[in-house]
Amino acid sequence: MNRSPLPPQLIRLVLLTVLIIVTYGIARVVLTPLTFGQYGHYRGAALQEAAARKPVYAGAKACDECHDDTLALVAKDRHKGIACESCHGPNRPHVRNPDIVPIKLTDQHCLRCHLSDPARPVHLRQIQPQDHFPGDKCVECHVAHQPNKSK
Amino acid sequence: MNASCSRRRWLGLLSGGLGWLAALPVARAAKTAVKNLFTSAGAPKDYDPTKHHWLMCIDVDRCIGCGTCVEACKAENRVPGASSYFRTWVERYLIRKPRAGMTELRGEVTVDSPNGGRNGFPPTLVPREEILKGFFVPKLCNLCAHSPCSQACPVGATFDTPDGVVLVDPEYCIGCGFCIQACPYGCRFMHPETHTAEKCTLCYHRITRGLQPACVEVCPTQSRIFGDMKNLPEKAPLREFIRTNRVFTLKPHLGTEPRVLYANIDKEVR
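Which chain is which? The protein sequence lines are A and B, in order.
Residue numbering for the first sequence follows the numbering used here, beginning at 9 and increasing consecutively.
Residue numbering for the second sequence follows the numbering used here, beginning at 701 and increasing consecutively.
This is the structure:
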């Protein structure tokens, strides 16, 4: 019966080596995510997962669909270029359901930019609230959408 | 048990194994298709990362330190509210006049960023008459071409996308924090709930939908200029910015090759 050209210990060794290689191959195929290496040495699906979140800020285009008259007013005056959501806050819920009203603006919103600060550029209009008509609200004199116009 | 029987059994086992091997890729493709149906349902379908290259530039002269960008970033990316978690923040630099007898043209530098500038900046304690000059510097991930964070990551969870963003794969991140130590710009933090590293993604969910990042969207002075280098129109603000400004990067000596460009920064800015 011992007609095999190779000694049995060598056959066992070859079989073991093949088994190890096959096991490694199977483990590699099973454990590597399918999108791994799609763009580089990482999971390509991670990009889609990062992109899957829903935006919170709707963007100026969404505001323009209903409030185009107000946007046109702002575009003519010194506050041009400022996005609606800079002051009015993230408003995607309001875009989807107009009954959800945006936050109410206070003097603090004006002072975010217009409070006097030595690090601010001089061309920006700045005030000290205790010296500039203390006790009055900003909107009693100023029109936020048209800063050049006064009441 | 004789030899022929044993051989038949072996051959049978081998062919069975080969059959399984052939079936594996099919099974995996099906599994991934089902998984994709749930995970990336919200991702924009027509976005190809190899056809874009995003770039953020900062015009320091235009920043007025209102902190609206910090507020917007926190809201857009659900960054934890505490004052140690920021994807972007604003620093106030105040350079004093040199003291009498000093030979330098400029004195000490005071840098502060109360709550990252999120609520604006309270009046400074430095007396006005002592100040030589002041300015605000918005900071964010510098999107390094040779990012130390991705080199430090032991599991390859941080990577450079083809569209020029450095992202973290939260499924791979083990929360060791090496990348947070490695970032020379301090742009990363450990999320207190997920215990994975987080950083600026250039609002990846917005830019893939054709929107601007939240900080760019709300900046009232267009201090942040953003664009797609591969699809840049002739009159893009980004072109005008590069043409009319001397631009710098932060800490160029570290060889990280940041892609975020700063215009008009002073040598005190790090």
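For each residue, glycine too, the CB sits at the ideal point set by N, CA and C.
Rounded to whole angstroms, the separation of the alpha carbons of His752 of chain B and Pro862 of chain B is 8 angstroms. Note on geometry: alpha-carbon atoms of Cys149 of chain A and Pro155 of chain A lie some 10 angstroms from one another. In this chain, the beta strand (DSSP E) harbouring Gly834 of chain B covers Ile831 to Leu840. Around the C-beta of His102 of chain A, 16 or more other C-beta atoms lie within 10 Å, and the residue is accordingly described as buried.
In this structure, Phe948 of chain B lies away from Ile925 of chain B, with their beta-carbon atoms at least 8 angstroms apart. Taking a contact to require three or more Cβ pairs closer than 8 angstroms, the stretch 110 to 124 of chain A and the stretch 134 to 150 of chain A qualify as touching. DSSP, reduced to helix, strand and coil, places Cys95 of chain A within a helical segment of the structure shown. For Met756 of chain B, the beta-bridge partners assigned by DSSP are B:Phe926.
At least one CB of chain B lies nearer than 8 angstroms to the CB of Asp125 of chain A. The shortest C-alpha to C-alpha distance from Gly886 of chain B to any of B:Val790, B:Pro854 and B:Val826 is the one to B:Val790. Apart from sequence neighbours up to five positions away, the residues of its chain that approach Cys849 of chain B with a beta-carbon distance below 6 angstroms are Thr858, Cys879, Ala882 and Cys883, ordered along the chain. The beta carbon of His895 of chain B sits no closer than 8 angstroms to any beta carbon of chain A. Annotation: the continuous alpha helix (DSSP H) that includes Tyr32 of chain A extends over Pro16 to Leu39. Straight-line spacing of the CA atoms in Pro952 of chain B and Pro958 of chain B works out to 8 angstroms. Excluding five sequence positions before and after Val826 of chain B, the CB atoms of its chain that fall closer than 6 angstroms to its own CB belong to Leu794 and Thr810, given in chain order. Apart from the 5 residues on each side of it in sequence, Thr956 of chain B sits with its Cβ closer than 8 angstroms to the Cβ of Asn842, Cys844, Ala845, His846, Ser847, Pro848 and Pro884 in its chain, given in chain order.
Looking at the DSSP output, Val868 of chain B shares a beta bridge with B:Thr858. The stretch 81 to 91 of chain A makes no contact with the stretch 45 to 53 of chain A; the number of CB pairs closer than 8 angstroms stays below 3.
Closer than 8 angstroms to the CB of Glu957 of chain B there is not a single CB belonging to chain A. When beta bridges are read from the DSSP output, Ile135 of chain A appears opposite A:Leu123. The beta carbon of Val22 of chain A sits closer than 6 angstroms to none of the beta carbons in its chain outside the five residues before and after it. With a cutoff of 8 angstroms on beta-carbon distance, Arg787 of chain B and Cys773 of chain B are scored as near each other. For Arg796 of chain B, the enclosing beta strand (DSSP E) stretches over residues Thr788 to Arg796. Among the bridge pairs identified by DSSP, Leu961 of chain B is matched with B:Cys757. Per the DSSP secondary-structure output, Glu898 of chain B pairs in a beta bridge with B:Phe889. B:Leu718 is the residue among B:Cys757, B:Leu718, B:Cys873 and B:Asn777 whose C-alpha sits nearest the C-alpha of Ile34 of chain A. Shown here, Ser850 of chain B sits in a helix according to DSSP, grouped into three states. Distance from the CA atom of Gly712 of chain B to the CA atom of Leu39 of chain A, rounded to whole angstroms, is 26 angstroms.
Selection A:Ala70, A:Pro106 and A:Asn105 evaluated against Cys92 of chain A yields A:Ala70 as nearest (Cα-Cα). Per DSSP, Val147 of chain A lies in no alpha helix (DSSP H) segment and is marked neither H nor E.
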